[in-house]
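> Sharing a structure with you now.
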Amino acid sequence: MNYKRLFIHLFTVFALSYCLYSCKSIKEEASGYVLIQDPPFTILEAYSQPWTAGIPEGGSGIQLYVTFASLKEDVVIQTFFFRKKKTQAQLSPQDRSKFVGYFKTMDREDIIMDSDPLEEAQNTLPKPFPFELKDDEAVIGYVHKGMIKYALISAIEQKPLLAYPQSNGKNAP
Numbered sequence: 021m022n023y024k025r026l027f028i029h030l031f032t033v034f035a036l037s038y039c040l041y042s043c044k045s046i047k048e049e050a051s052g053y054v055l056i057q058d059p060p061f062t063i064l065e066a067y068s069q070p071w072t073a074g075i076p077e078g079g080s081g082i083q084l085y086v087t088f089a090s091l092k093e094d095v096v097i098q099t100f101f102f103r104k105k106k107t108q109a110q111l112s113p114q115d116r117s118k119f120v121g122y123f124k125t126m127d128r129e130d131i132i133m134d135s136d137p138l139e140e141a142q143n144t145l146p147k148p149f150p151f152e153l154k155d156d157e158a159v160i161g162y163v164h165k166g167m168i169k170y171a172l173i174s175a176i177e178q179k180p181l182l183a184y185p186q187s188n189g190k191n192a193p
């Protein structure tokens, strides 16, 4: 009888250990965000540059620049994930091998504040960020052969803050 109880305890411990160990990989596969180790492109340079406007209403943000040394024709760069934000990757008009991601850091969401809890219940919960990244890491979302894939960029250099000056309006003296 004691052997049966011991067997049940050992089996339970083993099953829980296995579940906890494999939880992260299951979560990544279930969410569809699996990082590809050998993407079909080579990155020449990746850097970020924070910016701020000259007026408080102008906001602030970070621009992520990624220059590719080689990019196959069947690869379409779509999105960047960086510092818990996601944005569309945009082809630089000056350099056809460079993509830019524009991230606003002072996003103002429409939040309903009301004494009635039913009104506040209309607020949407933020979506969880799909990757655990360091400040110098980003993820590229791209399409290759009809499938959406993701690749990690590491060691992203951060350039100094770009402070846009306050501009004078047309009616300013």
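In the working numbering, the protein residues as written are 21 to 193. Cβ atoms here follow ideal geometry from the backbone N, Cα and C, with glycine treated the same way. Please read these numbers as outputs of a predicted model, since none were measured by experiment.
Tell me whether K154 sits in a helix, a strand or coil according to DSSP, three-state version.
It is coil, neither helix nor strand.
> Name the DSSP beta bridge partners of L64, please?
Paired residue(s): none; L64 is not in a bridge.
> Flag this pair as yes or no: are the beta carbons of S174 and T125 separated by less than 8 Å?
Cβ atoms of S174 and T125: not closer than 8 Å.
> Does the Cβ of C39 have 16 or more other Cβ atoms within 10 Å, making it buried, or fewer, making it exposed?
Residue placement at C39 is poorly supported in this model, since its pLDDT is 48, which falls under 50; the coordinates are not used for a value here.
> Alpha carbon to alpha carbon, how far is F123 from Y67? Give it in angstroms, no decimals.
Their backbone Cα atoms lie some 13 Å apart in a straight line.
> By DSSP, does G121 sit in helix, in strand, or in coil?
Of the three classes helix, strand and coil, the one that applies to G121 here is strand, per DSSP.
> Return the bridge partner residues of P70 from the DSSP annotation.
I82, per the DSSP bridge assignment.
> Taking just the CA atoms, how far does P148 sit from F61?
Between F61 and P148, the C-alpha separation is close to 28 Å.
> Going straight from the alpha carbon of P70 to that of T144, what length do you get?
Their Cα atoms are separated by approximately 28 Å.
> Does any residue of chain D have a CB that is nearer than 8 Å to the CB of K154?
Looking at the structure shown, chain D is missing, and only one protein chain is on hand.
> Of the residues I168, A109 and F102, which one's Cα is nearest the Cα of E157?
The shortest C-alpha separation from E157 is found at F102.
> So for K24, helix, strand or coil by DSSP?
DSSP places K24 in helix when its eight states are reduced to three.
> Going by other Cβ atoms of all chains shown within 10 Å of its Cβ, with 16 needed for buried, is G52 buried or exposed?
That one is exposed.
> Within the continuous beta strand (DSSP E) that includes Y184, where are the two ends?
Y184 -> no beta strand (DSSP E), and no H or E assigned at all.
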